[in-house]
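Chemist:
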Amino acid sequence: MPPAITFDLVKKDAKTHARRGVVHTPHGDIQTPIFMPVGTQATVKAMTPRELDEVGAQIILSNTYHLHLRPGEELIREAGGLHRFMSWNKPILTDSGGFQVFSLSGLRKIKEEGVNFQSHLDGSRMFIGPETSMQIQEALGSDIAMAFDVCSPYPCDHRTAKEAMERTHRWAQRCKAYHTREDQAVFGIVQGAFYEDLRIESAKVLADMDFPGYGIGGLSVGEPKPVMYGMLDAMMPYMPVNKPRYLMGVGSPDCLVEGVYRGIDMFDCVLATRVARNGTCFTDNGRLVIRNAQYARDFGPLEEGCDCYACRNFSRAYIRHLIKAGEITGGRLATIHNLRYLLRLMERIRKAIEEDRFEEFRRDFFSRYDMSRNF
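Going letter by letter, the sequence shown gives residues 18 to 392 in our numbering.
Rendered as structure tokens:
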């Protein structure tokens, strides 16, 4: 059997580490660099699959932990798998549940076997380990499954970070050994917190395990952005060139540009949909808070030149009215815009890489982007 996931490196920018590639999956090709909308519970909040297709989504995420709790992976398997269950016929990546379990803090206890935790829904006692995570993800039937890992907090001391990293490596081996589904790939996850030596070590160890792709976890967990960029700069020379690189949980426009600059191929984050529901929108000039009074009589689009459904048909004044009135359509229109904005940004980035002008694109982007209005 050929591998479930393969990666073609189509083009490398002449002056930066930016890459243009294609990830081939059983449910279609993914043009990279790409942003992946997050559908934690088998839905991207406020969006239908048809609308996701219209904004240009090529792949979406769902979450092992949440789907294990409800409705349960066996029900989804019975329904024909996650693609059929949610009526999405393009690629799906499932997170391992490691970060969500990490986020439970006082409700969980990490051991070598795995993690004992209490459900955030009803407090019932549960367990997920590397083999359990693989079992759940195989039942879900995603195209890309993530290895179960240990995410270190920020800040943490070197010893704590090293122990978590080494356990992540052992768990990665167990995930790879247990996994059997031939139409699904497993990505390893680089850890090491905020220590360059650990990040480099983790990148080397996981590269030797020869996963078909690699996530970079444990960043964007509260650290300053320059610290995150420093970790990427340190580890990237040790990441396999011929495999996709996925920066997990990162999705503000500036971070996407800076991540691509450092050689990242894939991104995901809930930020775009989360802030949209409160009336905050992405633009090339930075954050736009549509609830603000200054937009009450602004009859222009959320962003000039945006081709999304919201910008083509509705004004800032109207969307502000909906948000202020508590109408669900307001949040839906803002969500459509934010997702289209990020996916269009990635389209522009891909074109710039193809034309060997990404450095110019990056410079122009930050000349207009107001960092004081950042996320």
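Ideal Cβ placement from N, Cα and C applies to all residues, glycine included.
Do Phe52 and Phe284 have their C-beta atoms within less than 8 Å of each other?
Modeler: As a working mapping, residue 52 is identified with position 35 in the sequence shown. As a working mapping, residue 284 is identified with position 267 in the sequence shown. In contact: Phe52 and Phe284 (Cβ atoms closer than 8 Å).
Chemist: Would Asp30 and Phe375 be called neighbours here (beta carbons separated by less than 8 Å)?
Modeler: Your numbering for residue 30 matches position 13 in the sequence shown. Your numbering for residue 375 matches position 358 in the sequence shown. A contact, by the Cβ cut-off of 8 Å.
Chemist: Report yes or no: do the stretch 376-384 and the stretch 339-356 share at least 3 C-beta pairs separated by less than 8 Å?
Modeler: no
Chemist: Along the chain, where does the alpha helix (DSSP H) that runs through Gly38 open and close?
Modeler: Start at 1 with the first residue of the sequence shown, and residue 38 comes out as number 21. Per DSSP, Gly38 lies in no alpha helix (DSSP H) segment; the continuous beta strand (DSSP E) that holds it begins and ends at 36-42.
Chemist: From the DSSP output, read off the bridge partner residues of Leu264.
Modeler: Locating residue 264 in the sequence shown gives position 247, where the first residue counts as 1. Per DSSP, Ile233, Phe284.
Chemist: What residue range is occupied by the uninterrupted alpha helix (DSSP H) comprising Asn330?
Modeler: Along the sequence shown, read from residue 1 onward, the residue named residue 330 stands at position 313. Taken as a continuous stretch (DSSP letters only), the alpha helix (DSSP H) holding Asn330 covers 326-330.
Chemist: My assumption, with CB atoms under 8 Å, is that Met38 sits in contact with Phe24. Please give the rounded CB distance.
Modeler: The sequence position of residue 38 within the sequence shown is 21, counting from 1. The sequence position of residue 24 within the sequence shown is 7, counting from 1. It should be noted that the sequence gives Gly, not Met, for residue 38. The pair is a contact, with the Cβ atoms about 6 Å apart (cut-off 8 Å).
Chemist: Considering only the alpha carbon of each residue, which of Gly114, Asp214, Pro270 lies closest to Met388?
Modeler: Along the sequence shown, one-based indexing puts residue 388 at 371. Met388 has its Cα closest to that of Pro270, out of Gly114, Asp214, Pro270.
Chemist: Opposite Gly45 in the DSSP bridges: which residues?
Modeler: Residue numbering aside, residue 45 sits at position 28 when the sequence shown is read from its first letter. Thr42.
Chemist: Could you pull the start and end residues of the alpha helix (DSSP H) that Val203 belongs to?
Modeler: Mapped onto the sequence shown, residue 203 falls at position 186. Note, Val203: premise wrong, no alpha helix (DSSP H); beta strand (DSSP E) at 202-207.
Chemist: Is Ile93 helix, strand or coil by DSSP?
Modeler: In the sequence shown, the residue the question calls residue 93 occupies position 76. Three-state DSSP puts Ile93 in a helix.
Chemist: Tell me which same chain residues have a C-beta within less than 8 Å of the C-beta of Asp227, skipping the five on either side of it?
Modeler: By 1-based counting over the sequence shown, the position of residue 227 is 210. Excluding residues within five positions, none has a Cβ falling inside 8 Å.
Chemist: Would you grab the beta carbon distance between Gly276 and Val267 for me? Rounded to a whole angstrom, and I think it's under 8 Å.
Modeler: Residue 276 sits at position 259 when you count from the first residue of the sequence shown. Residue 267 sits at position 250 when you count from the first residue of the sequence shown. Contact flag correct, Cβ pair sits at about 6 Å.
Chemist: Note down the Cα distance separating Val207 from Pro20, rounded to an integer number of angstroms.
Modeler: The count along the sequence shown starts at 1 and reaches residue 207 at position 190. The count along the sequence shown starts at 1 and reaches residue 20 at position 3. Distance between the alpha carbons of Val207 and Pro20 is about 21 Å.
Chemist: In the structure shown, what three-state DSSP assignment does Val277 receive?
Modeler: Within the sequence shown, residue 277 is the residue found at index 260, counting from 1. In the structure shown, Val277 sits in a helix (DSSP, three-state: H, G or I).
Chemist: Taking the alpha-carbon positions, what's the Phe315 to Ile336 distance?
Modeler: The residue labelled residue 315 in the question sits at position 298 within the sequence shown. The residue labelled residue 336 in the question sits at position 319 within the sequence shown. It is Asp, not Phe, that sits at residue 315 in the sequence shown. Spanning the alpha carbons of Asp315 and Ile336 requires a straight line of approximately 10 Å.
Chemist: Can you round the beta-carbon distance between Ala399 and Leu236 to whole angstroms, since I take them to be within the 8 Å contact cut?
Modeler: Given a span of 18 to 392 for the chain in the structure shown, any question on residue 399 remains unanswerable.
Chemist: Report all residues from its chain with a CB closer than 6 Å to the CB of Phe393; omit the five preceding and five following residues, and keep chain order.
Modeler: The question about residue 393 has no answer, for the chain in this structure spans 18 to 392.
Chemist: Curious, which full-length alpha helix (DSSP H) runs of at least 4 residues does the stretch 327-357 contain?
Modeler: 333-341
Chemist: In the structure shown, what three-state DSSP assignment does Met53 receive?
Modeler: As a working mapping, residue 53 is identified with position 36 in the sequence shown. DSSP places Met53 in strand when its eight states are reduced to three.
Chemist: Given a threshold of 16 other Cβ atoms within 10 Å of its Cβ, counted over all protein chains shown, does Ser159 qualify as buried or as exposed?
Modeler: For this step, residue 159 is matched to residue 142 along the sequence shown. Counting Cβ neighbours within 10 Å, Ser159 comes out buried, since at least 16 surround it.
Chemist: Cα separation between Arg176 and Pro170?
Modeler: Translated into positions along the sequence shown, residue 176 becomes position 159. Translated into positions along the sequence shown, residue 170 becomes position 153. When rounded, the distance between both Cα atoms is 12 Å.
Chemist: Are the beta-carbon atoms belonging to Leu264 and Cys298 less than 8 Å from one another?
Modeler: The residue given as residue 264 occupies position 247 in the sequence shown. The residue given as residue 298 occupies position 281 in the sequence shown. Cβ atoms of Leu264 and Cys298: not closer than 8 Å.
Chemist: For Cys192, does the three-state DSSP call read helix, strand or coil?
Modeler: Position 175 of the sequence shown holds residue 192. Helix, per DSSP.
Chemist: Entirely within the stretch 113-158 and at least 3 residues each: give me those beta strand (DSSP E) ranges in chain order.
Modeler: Within the stretch 113-158, the complete beta strand (DSSP E) segments at least 3 residues long are 125-127, 132-135, 142-145, listed from N- to C-terminus.
Chemist: Considering Lys62, what are the terminal residues of the beta strand (DSSP E) in which it resides?
Modeler: Here residue 62 is taken as the residue at index 45 of the sequence shown, counted from 1. Lys62 -> no beta strand (DSSP E), and no H or E assigned at all.
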